[in-house]
Every structure is written in C-alpha cells, then in structure tokens.
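A.B. asks: Could you have a look at this structure, given as structure tokens, before my questions?
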Amino acid sequence: MARRPGVLTFIWRNFLDSFDRKRFQKIFVGNDEQGNRYYELIKSKRIVNRGFIPGNTSSQLPPPEWLTWLRGLRKLPPTQEEILTNRQASEEMAEKVKKLEQDRRNEISASESEKMPYIESTTISDDFDSQPRSFPRYSDYYEQQSRMS
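Numbered per UniProt numbering, the sequence shown spans residues 1 to 149.
Below, the structure written as structure tokens:
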C-alpha cells in the first residue's frame with residue numbers, strides 16, 4: 001500500500017509550487033467598451049482573485065455587470081449582449097422617468113393656475129389701522145372669521 005505524504009512533504013511541495021510561474025499568470029477573461037481588461041488569477045482550486053487593468057481613458061468605475069463579476073457575486077463574466085440589453089433597459093427607464101417628470105411639472109403648473117387665490121393688496125387698511133401693510137390681506141378669510149364668531 002502507498003503511504004500518504006506527511007505534513008512536511010505537503011508543506012515542501014506547496015513551497016516548491018509557489019515558484020511556478022504558471023500559477024500566478026493572469027488569465028484574461030474579457031474587456032469592455034471603455035478599454036478595461038478583466039482577468040482571473042487562480043491560486044488554487046478554490047481561491048480565485050479577479051481584477052482589471054484600466055484603459056487609458058477610463059477613470060470611471062467599470063460597468064455594473066463587470067463589478068458584480070469582480071466582486072464574486074456571479075461566476076461567469078458578462079456577455080456583450082447582456083451588457084447591451086441592460087444598457088437599453090436603463091436608457092428606456094431614463095426616458096420614462098423624464099416623461100413622468102415632465103407630466104408631473106405640467107400637472108402641477110396647471111393645478112396651481114386653477115388654485116391661485118385672489119389676493120387683495122391694498123396699501124392702506126380700512127379695517128384695523130391706516131398704516132401700509134407689508135403682506136397681503138385676504139378678505140375672504142376675515143369675512144369667514146367674523147361669521148364664525
């Protein structure tokens with residue numbers, strides 16, 4: 001029967017394997033429209049480091065699909081079709097938001113023009129004193145208040 005290697009043999013083999021250049025080579029997975037190049041650095045069967053080399057003009061974050069891959073939230077890198085469909089969906093959503101915002105502005109401006117109260121702006125008040133007022137007076141308010149008392 002074959003003997004299992006001991007602890008020292010296991011450590012010695014791992015030490016020698018650490019000098020292997022193939023082990024620390026970057027495996028390029030893809031790139032995006034900004035010029036970023038994405039890679040995996042496989043250290044063992046389970047430990048995988050992911051990173052990217054930024055393009056010359058890229059000072060922004062990578063697209064969200066690539067960010068999820070870099071952080072390990074997804075196993076496979078995103079495809080170009082997936083990125084395009086997500087971008088189209090976000091553009092459509094932005095257009096809908098602009099349209100709803102414009103409709104809301106139009107609705108508010110129309111409702112405000114209907115609800116504008118009549119403001120009496122006299123400089124001399126006949127009711128209380130003869131000094132000019134710095135704020136408008138609402139005759140409807142004072143009439144309703146006198147009826148209630």
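By construction, the Cβ of each residue, glycine as well, lies at the ideal position given by its N, Cα and C atoms.
Computed from a predicted model, the values in this text were never measured in an experiment.
1) Rounded C-beta distance between P77 and V29? I'm assuming under 8 Å.
2) I'd like the span of the alpha helix (DSSP H) that includes E40, first residue to last.
3) Which residues in the same chain as T68 place their Cβ atom closer than 6 Å to its Cβ, once the five residues preceding and following it in sequence are excluded?
4) Determine which residues share a DSSP beta bridge with G51 and list them.
5) Only counting the same chain, and skipping five residues up and downstream in sequence, which positions put a Cβ closer than 6 Å to that of I53?
6) Is the CB-CB distance between Q34 and Q60 below 9 Å?
C.D. replies: Inspection of the coordinates gives the following:
1) 5 Å
2) First-last for E40: 37–42, but that is the beta strand (DSSP E), not the alpha helix (DSSP H).
3) R74
4) Y39
5) R37
6) yes
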